[in-house]
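The sequence shown begins at -4 in this note's numbering and counts up by one.
A virtual CB, placed ideally from N, CA and C, is assigned to each residue, including glycine.
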Amino acid sequence: MRSGANLLYILPAIATGLAVSLQGKYNGELTVEIGHWIYSAAVSFGGGLIIIAAVTAALPAGRRAIATTIKLLRSGEFPWWMCLGGLGGATIVIAQGVTVPAFGVAVFTMSFTSGQLLGALVVDSTRLPAGGPKPITLGRLVGVAVVLAGVAIMSAGAVTSGLQWWIPLVPFASGVLTGLQHAFNGRLSAASGSALAATTMNFVVGFTALAVACAVVFASGTPPLRFPPEPLLYSGGVFGVAFILVSALIVPRLGVLILSLSTLVGNMGGSLIIDALAGNEQAFTITALTSIALVVLGVVIATLPGRPVFGGRRAVRARIDVEG
């Protein structure tokens, strides 16, 4: 793919990373107010479901895409398990609710990114993504290593001795599942002819799972504390729709790994901007700017063409065949 075409898709991917940083901020604040992360996750997903359902119902292309999806599922032409990408999205908002209020954005970003890049490397080398397998090249490995170095620098000192060992595993697992979510969404978008179908399916599946979890938590004797009046605290669903919709559109062009790396640039940059607007004088330090520079450099390196280091196309096709 030409670098100009790459840039055309990388820029909106970076914008979705900014959306995720805003989503994390407001979902974390909502968790503090509402008293439990499962309720804030359900509220965020519920808001997104209302928005995407209204848009899909209002647009002829959206209605056609939903009808096509139902037809494909009934006939067995599209595997039902590829409609479960919303479970990956649900784990993101859960991870935000669990991690951000107690330990801040740095711990969430560090753990989520590590899982996301690992999942993206593996998923991209299979035939799961709509754009086909992308073998692991030296540039991809070096690019991921440089990005992780930048994340580690930004997150240095964030993990304190009081951190429970399992907390970072929650965003790590959600990051791994995000790779599958992107691949599934790209497949459903290609099959249905519209990213609206994949986005709608994501929110239906994710909200259903979270609603069941909320019922279990409520039945166990833990009701929500209060629903705050501030409208912005309920805006997580808006940013979630933007993230899933744009990702579903561009993942066939970029692949899961480059999409994940580009999203990280926006995520980290957005976190710095949010901190600066909040009056944090440490937002734009040399350390923070160095970290961002390393992440951008890693994305550039990862997009460079090169020969596969291992897991070439022939071996990958033998390992997993989605259509088969």
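Select from the options the residue whose C-alpha is nearest the C-alpha of residue i.
i, options, result
"G57", "G41, W32, A192", "A192"
"I268", "V165, S16, T26", "S16"
"F73", "L123, C209, P7", "L123"
"P327", "G174, L136, L284", "This structure does not reach residue 327, given that the chain is present from -4 up to 319, and the question cannot be answered."
"R221", "A243, V199, L205, T26", "T26"
"Q18", "Q111, L116, G232, A8", "G232"
"V38", "V207, F103, I245", "V207"
"T285", "V251, T108, G145", "G145"
"V294", "A271, G261, L272", "G261"
"A168", "L79, P96, F107, V251", "F107"
"E24", "I89, L79, W76", "I89"
According to the neighbour-count rule (16 or more other Cβ atoms, all chains shown, within 10 Å of its Cβ), is residue i buried or exposed?
i, result
"A53", "exposed"
"V211", "exposed"
"G81", "buried"
"P247", "buried"
"W32", "buried"
"T121", "buried"
"S156", "Bear in mind that the predicted position of S156 carries a pLDDT of just 44, short of 50, making it unreliable; the figure below should be weighed with that in mind. Exposed, since its Cβ has fewer than 16 Cβ neighbours within 10 Å."
"S255", "buried"
"L228", "buried"
"G170", "buried"
"G265", "buried"
"S215", "exposed"
"F238", "buried"
So, residue i versus residue j, is the Cβ gap smaller than 8 Å?
i, j, result
"T195", "I61", "yes"
"G30", "P219", "yes"
"G71", "A125", "no"
"G83", "F202", "no"
"P166", "F103", "yes"
Reducing DSSP to helix, strand and coil, say where residue i ends up.
i, result
"T194", "helix"
"I148", "helix"
"T298", "helix"
"P303", "strand"
"T327", "Residue 327 falls outside the range modelled here, since the chain spans only -4 to 319, and no answer is possible."
"T132", "strand"
"A271", "helix"
"S329", "With the chain covering -4 to 319 only, the question about residue 329 has no answer from this structure."
"A48", "helix"
Give the C-beta separation of residue i and residue j to the nearest angstrom, bearing in mind that I take them to be a contact with Cβ-Cβ under 8 Å.
i, j, result
"A320", "L240", "The question about residue 320 has no answer here: the residues shown for the chain are numbered -4 through 319."
"G114", "L68", "Going by Cβ atoms, the distance from G114 to L68 rounds to 25 Å, so no, they are not a contact pair."
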